Every structure is written in structure tokens, then in C-alpha cells.
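Notes follow once the structure below has been shown.
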Amino acid sequence: MPADTASLRWTTGPTVGERLLLTAMRQWAALRSAGEHPTRLVAQALAFRASNRTGGLFVAWMQSVEASLRRPIQVECPACGGISTDEQRLMVSCGLAGTATAVGETLLEPLLVDAQPTMVLARALNAALRVDGYPLPVRLRDETRDEPREPAPARQTVH
């Protein structure tokens, strides 16, 4: 599906799995900003909540993201404190990794120089989160199809 026909639309708030992923990404960014190495602390936090496998895969996934960044990741929307566009791209692509890898790669193009290695790790991370009871949804909607649209939430914090 070409990127111009694919439209991401959040119809509900973040799931438990997405909140876990978002919290880990923000913890990673906060530790990096403080000049600390986030690998051990974030992996331990995820191992406590999910599993050692999930913690290790998250660290590998974030290292892959950092290795191919075009620019620094924006954490939290500066306008409202909600989920930033970069955070959304990472979370949604991780959710897509098991079913639509090419679409996930396209979604990450503005953020990463080479999204393919990141998507390979995202697929493994997605599977590990699912096994641990934190499945990530596939948040992709083709706006060109004739389906009834779900009403948008009254207060959107995800842009």
C-alpha cells in the first residue's frame, strides 16, 4: 500500500503495550539526555515488567534506531505534552512490524536513514511483547476504503 493512501488514525488511547513501549522510550531518552547509558536500566525495568527477552530486544531496537537517526528524536509533543510524532512513528511501526513491514519502513523514512534493520528488530520486539501479554495493535487505516469511520475522541493528545 503506497504511503499516500495509508492514513494513520488513532481511534482509541494507547494500549497497555504501547504505554509500556512509550515509557521505555521516554526513560531511554531521559537517561541519554542526562549523559547516562540507558541500556542496563531500561532493560532491567522491562525485564521486571515483561521479560528478559523483551528488555534485550528493546535495547537492540533502540540501538538500531539511534544508529540510523537522521536527527534527534523528539520526545513528547512540545505543544501539548502528548505523544510526539517521532514517538508515534516508532510505536506504530513496531505494531506494524508483524504484518506490514514495508509500510513500517516507509513510516520511519523521515526519522531513519535505513529503517530495515530497525524493522527486523521491531518484529522480534513485537512478538516478545505479545508473548509477555503486551500486544501492540496494528494502527493503520486505509482512508480510501468505504468503511464507517469511528468517531474521534473528544480530546485528542495523539496528533
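FYI, my numbering numbers position 122 of the sequence shown as 123, with every residue one higher than the one before it. Every residue, glycine too, gets a C-beta built ideally from N, C-alpha and C. All values reported here derive from a predicted model rather than from experimental measurement.
Output the distance between the C-alpha atoms of residue i and residue j, rounded to the nearest integer angstrom.
i	j	result
leucine 32	methionine 26	10 Å
glycine 18	phenylalanine 49	14 Å
aspartate 133	serine 94	19 Å
leucine 109	aspartate 87	9 Å
aspartate 115	arginine 90	14 Å
histidine 38	alanine 101	32 Å
Could you check where the alpha helix (DSSP H) with residue i kicks off and where it finishes?
i	result
glycine 134	Glycine 134 -> no alpha helix (DSSP H), and no H or E assigned at all.
glycine 56	53–68
threonine 40	40–50
glutamine 75	Element bounds for glutamine 75: n/a, residue is neither H nor E.
glycine 96	86–97
glutamate 1	Lying outside 2 to 160, the shown extent of the chain, residue 1 is not represented and no answer is given.
Evaluate residue i with the Cβ neighbour count: other Cβ atoms within 10 Å of its Cβ, from every protein chain shown; 16 or more gives buried, anything less gives exposed.
i	result
alanine 103	exposed
asparagine 127	buried
histidine 160	Because the pLDDT of histidine 160 is 46, which lies under 50, any placement of that residue in the model is unreliable, and the number read from its coordinates should be weighed accordingly. Histidine 160 should be labelled exposed.
proline 73	exposed
glycine 105	buried
glutamine 45	exposed
serine 85	buried
alanine 51	buried
Whole-angstrom Cβ separation of residue i and residue j, contact assumed at under 8 Å?
i	j	result
leucine 47	glycine 56	4 Å
proline 138	leucine 130	At roughly 11 Å, the Cβ-Cβ gap does not stay under 8 Å, so proline 138 and leucine 130 are not in contact.
arginine 124	glycine 96	Their Cβ separation, rounded to whole angstroms, is 11 Å, which puts arginine 124 and glycine 96 out of contact at 8 Å.
valine 60	alanine 30	No, valine 60 and alanine 30 are not in contact; Cβ-Cβ is about 14 Å, not under 8 Å.
leucine 70	leucine 21	Rounded, the Cβ-Cβ distance is 22 Å, inconsistent with contact.
Next item on the list: With a floor of 3 residues, list each beta strand (DSSP E) that falls wholly inside the stretch 15–41, ordered by position along the chain.
Entry: none
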